[in-house]
Amino acid sequence: MKLAIPKKLKAAPARSKEEVEQMMKEEELVQAFTKEKIISYAAFIFLPPYGIYRIVKKDSPFRRSEKYMWTMMFIAYMAYLIQAIVF
1 MKLAIPKKLK AAPARSKEEV EQMMKEEELV QAFTKEKIIS YAAFIFLPPY GIYRIVKKDS
61 PFRRSEKYMW TMMFIAYMAY LIQAIVF
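What follows is the structure in structure tokens.
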């Protein structure tokens, strides 16, 4: 007599390396608004030097591409601020 295994209990299919990497990328996208990142965004708006420090520090949750993007935004923001003060 053979027992039928319910569909819920069957083993999950093996996933390829590409599928696992894609799932990890999707998980990272979901975590765009973690508590630490939201604090960093607010600090960047109200206290730009401290905000850029929070973004580029070593144990920051931001990826390298995000760090570059925020650094360029900081430079543009500071250039605009200096231009507004001088002229």
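Just so we're aligned, residue 1 is where the sequence shown starts under full-length UniProt numbering, counting upward by one.
Think of the CB as a built atom: it goes at the ideal place given N, C-alpha and C, for glycine as much as any other residue.
Item	Value
For Leu81, three-class secondary structure by DSSP	helix
Start-to-end residues for the alpha helix (DSSP H) that takes in Ala42	35–46
Neighbourhood of Arg54 by C-beta, 6 Å cutoff - its chain only, sequence neighbours within 5 removed	Ser40, Ala43
Residue from Val20, Gln22, Val56, Glu21 whose Cα sits closest to the Cα of Lys37	Val56
Proximity below 8 Å, CB of Phe74 to CB of Pro48	yes
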